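Report on the following structure.
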Amino acid sequence: MNRVRYGFAAGLILFGLLACAGCADLPNSNNGDGFFGPPVSPTSSVTPTPAYLVEETPIATLPPTPLPKTPTPVPTVAGTPYVEIYNETLTFNYNITALGFNLSKPPLNIGLTIHPVMVERYIETESSYGSHEMVEIRREIPVDNAEFVITIYDKKTGSIVLKEGYGKAYSYDDTQTIVIRTPGWYQIEMTGSFVTVDVAMTVPPENIDTA
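Start counting the sequence shown at 29; every next residue gets the next number (my numbering).
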């Protein structure tokens, strides 16, 4: 019986010695390593917002566009005693344009260049060669309804001072000049059809109020 007790005690002692030896070889938890390898630092799952927008200095409010000033009339040609008071290209298709002017010092010069709508026509004419037989020639001519009329009224009395035009009852002269040589308040009316007209008016500078 004593041998069994001694043997059991000896076994306990041997087991304790082995356990101590094993403890000496266990890894130190403070050196950064563990049973599952070195610890992994957690990463943030939040994605930073990209800097798509930048701050800028605000743009100042732009000042309103000033209304255009009435241009000072300029002499039509250097050295001439006239200033241009009107220069427009007008298209007429059964419409009318009316203008008024107080002519204190004549003359009032009105230059007109008429551009009618053109159409191709075949015209039969006698040949100037050989037997002078009849031949057809293709030409561009104004359309039948091309017409321009300018009427100048005395505004005080309503009477017609002058009436000129182009086409139909008038000539087909496409360049005309009208001159008014008497002082007065005039109304100038222009009408027509199938024409475009360049209109330029000049007067002596004394008619222009530069004040």
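In this text, a Cβ means the ideal position worked out from N, Cα and C, and glycines have one as well.
Quick caveat: nothing in here was measured; it's all calculated off a predicted structure.
Simplified DSSP assignment, three categories, for residue i
{"i": "residue 135", "result": "coil"}
{"i": "residue 235", "result": "helix"}
{"i": "residue 129", "result": "strand"}
{"i": "residue 209", "result": "coil"}
{"i": "residue 170", "result": "strand"}
{"i": "residue 159", "result": "coil"}
{"i": "residue 110", "result": "coil"}
{"i": "residue 221", "result": "strand"}
Terminal residues of the beta strand (DSSP E) in which residue i lies
{"i": "residue 193", "result": "188-194"}
Residue(s) in a DSSP beta bridge with residue i
{"i": "residue 226", "result": "117 and 141"}
{"i": "residue 150", "result": "166"}
Chain C contact for residue i (CB, 9 Å cutoff)
{"i": "residue 168", "result": "The structure shown contains no chain C; it is built from a single protein chain."}
Residues near residue i by beta carbon distance below 7 Å, same chain, minus five either side
{"i": "residue 173", "result": "221 and 222"}
Contacts around residue i, its chain only, beta-carbon distance under 6 Å, and the 5 residues preceding and following it disregarded
{"i": "residue 196", "result": "175"}
{"i": "residue 152", "result": "162 and 164"}
{"i": "residue 193", "result": "176 and 177"}
{"i": "residue 128", "result": "215"}
{"i": "residue 207", "result": "135 and 137"}
{"i": "residue 218", "result": "125 and 178"}
Own chain partners of residue i with C-beta closer than 8 Å, once the 5 adjacent residues on each side are dropped
{"i": "residue 205", "result": "137, 138, 139 and 140"}
{"i": "residue 81", "result": "Residue placement at residue 81 is poorly supported in this model, since its pLDDT is 33, which falls under 50; the coordinates are not used for a value here."}
Local Cβ density within 10 Å of residue i, reported as buried at 16 or more and exposed below that
{"i": "residue 63", "result": "Confidence at residue 63 is low in this model, with a pLDDT of 40, below 50, so its placement is unreliable and the value that follows should be read with caution. Exposed is the call here."}
{"i": "residue 181", "result": "buried"}
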